[in-house]
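Residue numbers (our numbering), protein chains in the order written: chain A, 40 to 173; chain B, 827 to 1160.
Before any comments, here is the structure.
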């Protein structure tokens, strides 16, 4: 990659254009030098795609919570970009327990302490957690 | 608490960047490519059954913590590294190091670093940064992928250091205890290159080193049969993102390593290393072309066998070129 080939495609979503990157490229004298880059289109596209997938899945889950098929745990788990395995580690529970908490029936039986722990993991208040979708 | 002067420079890669900044703080004037090369930072692995955020794990660099450890070992610099069982102990230990007037490097998860733009903040747990002081209740941070120094609240830093998932930082912290006034590069460069070639060419398992490029090529060819178009696109996207993991120029660290070979060639006055630097630059351009083609395929939402076959072939060709390249590099007579 030559210095003049260093991509300058701004990552114009979710504040991605707030920082530039350093890349190494070959100058006219054949020597490597570091150059600032605004971003690179293929990477921007792939990252945007990953975020769009998150948004789509989150919207679908929100519907399921509102219609009473899933509990707010499922919604906030996805909002925090987690999956069941990761959330289980944070909660200090088995995956099957977390899965049970993701159902409205399991969620209704959660102790205050457990609700508090989930709220802390999601960085929200207990009220925000219990009132979501109502 | 004392706040020491820390000279921050932005770099391409977090761990070689942190290593460079910490060494420069000790008065050792090293470049980022040199740290990356001596630390044998370049690597490849594709582990289909290890899912990171739902996609198969792919990496173009060595495991976190390795670069700093190897560079300091090879330049005979005395260091301390430590993992912790609880955030309280980890933060206390950090405060003690800062009180002793030393900047500390540490592993973190980018998800919990509020100063980074949201676009970058996934659960990626192998990010390195330096904390060099504390002012009021905030820690002063030198993050090599950011242009200037920044600050972070203790709660956020504790969360970032104790993120769960793959891998888990467990508060991992490292700092330089003492360094010689002069360092010898020649042996360190040789050791770095030898280790890189070994890791690229020797692992007997299909998931690590050069072999894994062929494995990924084979998997990609099968994506249209095995995955929904959406999944296939996300899987491919993840490879591109790892390839361009903050500032590698889209070539999975190949340009950074080429810059190292060039600098080493100048320093040791070896034309062969300079020649290999040029060769690796060409291979890096091939990696970039692969990412371009993959992105085009994703945009067109094509899911036909032919285009995925072509992509697999492209990747296989890059893998074969790299294999020959590292064999030549391994055969160097020192």
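We put the beta carbon where it would ideally sit given N, CA and C, even for glycine.
Computed from a prediction, not measured in an experiment: that's the story for all the values here.
Next on the checklist: By alpha-carbon positions, which one of 1100(B), 1054(B) and 1113(B) ends up nearest to residue 70(A)?
Outcome noted: 1100(B)
Item to check | Through-space distance from residue 117(A) to residue 947(B), alpha-carbon basis | outcome: 14 Å
Item to check | Proximity test, Cβ basis, 8 Å: residue 1060(B) and chain A | outcome: yes
Checklist entry - Per the contact definition of three or more C-beta pairs closer than 8 Å, is the region 936-953 of chain B in contact with the region 1017-1029 of chain B? => result In this structure the region 1017-1029 of chain B does not lie against the region 936-953 of chain B, because fewer than three pairs of beta carbons, one per stretch, are closer than 8 Å.
Checklist entry - Any chance the region 91-98 of chain A sits against the region 1113-1130 of chain B, with 3 or more Cβ pairs inside 8 Å? => result no
Checklist entry - Is the region 1101-1110 of chain B in contact with the region 1043-1061 of chain B, if contact means three or more CB pairs nearer than 8 Å? => result no
Item to check | Three CB pairs or more closer than 8 Å across the region 1144-1159 of chain B and the region 106-117 of chain A | outcome: no
Checklist entry - Considering only the beta carbon of each residue, do residue 997(B) and residue 913(B) sit closer than 8 Å? => result yes
Item to check | Within chain B, the residues that residue 163(A) reaches when beta carbons sit closer than 7 Å | outcome: Per Cβ cutoff of 7 Å: no residues; residue 163(A) is ~14 Å from chain B at best.
Checklist entry - Among 1069(B), 860(B) and 1062(B), which residue has its Cα nearest to the Cα of residue 1133(B)? => result Of 1069(B), 860(B) and 1062(B), the smallest CA-CA separation from residue 1133(B) is found for 1062(B).
Checklist entry - Quick one, which of 105(A), 102(A), 75(A) and 51(A) has its alpha-carbon nearest residue 87(A)'s? => result 51(A)
Next on the checklist: Could you pull the DSSP bridge partners for residue 959(B) from this structure?
Outcome noted: In the DSSP output, where bridge partners are listed per residue, residue 959(B) has 966(B).
Checklist entry - Which residues bound the beta strand (DSSP E) around residue 982(B)? => result It is not in any beta strand (DSSP E) - residue 982(B) instead sits in the alpha helix (DSSP H) that spans 980-987.
Item to check | Short CB-CB distance (under 8 Å) between residue 1028(B) and chain A | outcome: Taking 8 Å as the threshold, the shortest C-beta distance from residue 1028(B) to chain A does not fall below it.
Item to check | In DSSP terms, what residue 906(B) is bridged to | outcome: In DSSP, residue 906(B) forms a bridge with 1001(B).
Checklist entry - Taking the continuous beta strand (DSSP E) assigned at residue 71(A), which residues delimit it? => result 71-76
Checklist entry - Would residue 1002(B) pass as a contact of residue 898(B) if the rule is Cβ separation under 8 Å? => result yes
Next on the checklist: Strictly under 8 Å for the Cβ-Cβ distance: is residue 100(A) near chain B by that measure?
Outcome noted: no
Checklist entry - How far does the alpha helix (DSSP H) with residue 933(B) in it reach, from first residue to last? => result Residue 933(B) -> not in any alpha helix (DSSP H); beta strand (DSSP E) instead, spanning 930-934.
Item to check | Buried versus exposed call for residue 110(A) [16 or more other C-beta atoms within 10 Å across all chains shown] | outcome: buried
Next on the checklist: Looking at residue 980(B): is its Cβ nearer than 8 Å to the Cβ of residue 965(B)?
Outcome noted: yes
Checklist entry - Are the C-beta atoms of residue 1063(B) and some chain A residue less than 8 Å apart? => result yes
Item to check | Inside the region 997-1044 of chain B only - alpha helix (DSSP H) runs reaching at least 4 residues | outcome: 1012-1027
Checklist entry - Hey, is residue 133(A)'s beta-carbon within less than 8 Å of any beta-carbon in chain B? => result no
Checklist entry - Is it true that the region 144-153 of chain A meets the region 847-859 of chain B, where meeting means three or more beta-carbon pairs spaced less than 8 Å apart? => result no
Next on the checklist: Taking a contact to mean a Cβ-Cβ separation below 8 Å, would you say residue 1110(B) touches residue 1081(B) in this structure?
Outcome noted: Yes; because the gap between Cβ atoms is below 8 Å, this pair is in contact.
Checklist entry - If we ignore side chains and look at the alpha-carbon of each, how far apart do residue 123(A) and residue 137(A) end up? => result When only Cα atoms are considered, residue 123(A) and residue 137(A) end up about 7 Å apart.
Checklist entry - Whose C-alpha, out of 836(B), 918(B), 841(B) and 927(B), is nearest the C-alpha of residue 61(A)? => result 836(B)
Item to check | Length-filtered (4 minimum) alpha helix (DSSP H) runs lying within the region 67-151 of chain A | outcome: Counting only runs of 4 or more, we get 80-105, 111-118, 123-130, 134-140 and 143-147.
Item to check | Touch test, the region 889-896 of chain B against the region 1052-1068 of chain B, Cβ-Cβ under 8 Å, three pairs minimum | outcome: no
Checklist entry - So who's on the other strand from residue 47(A), going by DSSP bridges? => result Under the DSSP definition of a beta bridge, residue 47(A) partners with 78(A).
Next on the checklist: What are the residues in the region 944-959 of chain B lying within 9 Å of chain A by C-beta distance?
Outcome noted: Those would be 944, 945, 946, 947, 948 and 949, in chain order.
Checklist entry - Cα-Cα, which of 135(A), 65(A), 57(A) and 77(A) is closest to residue 43(A)? => result Ranking the options by Cα distance to residue 43(A), first place goes to 65(A).
Next on the checklist: Restricting to Cα atoms, I'd like to know which of 861(B), 1149(B) and 1025(B) is closest to residue 1087(B).
Outcome noted: 861(B)
Item to check | Own chain partners of residue 1065(B) with C-beta closer than 6 Å, once the 5 adjacent residues on each side are dropped | outcome: 884
Checklist entry - Along the region 958-990 of chain B, what residues have a CB closer than 8 Å to any CB found in chain A? => result Residues of the region 958-990 of chain B with a C-beta less than 8 Å from any C-beta of chain A: 971, 972, 973 and 990, listed in chain order.
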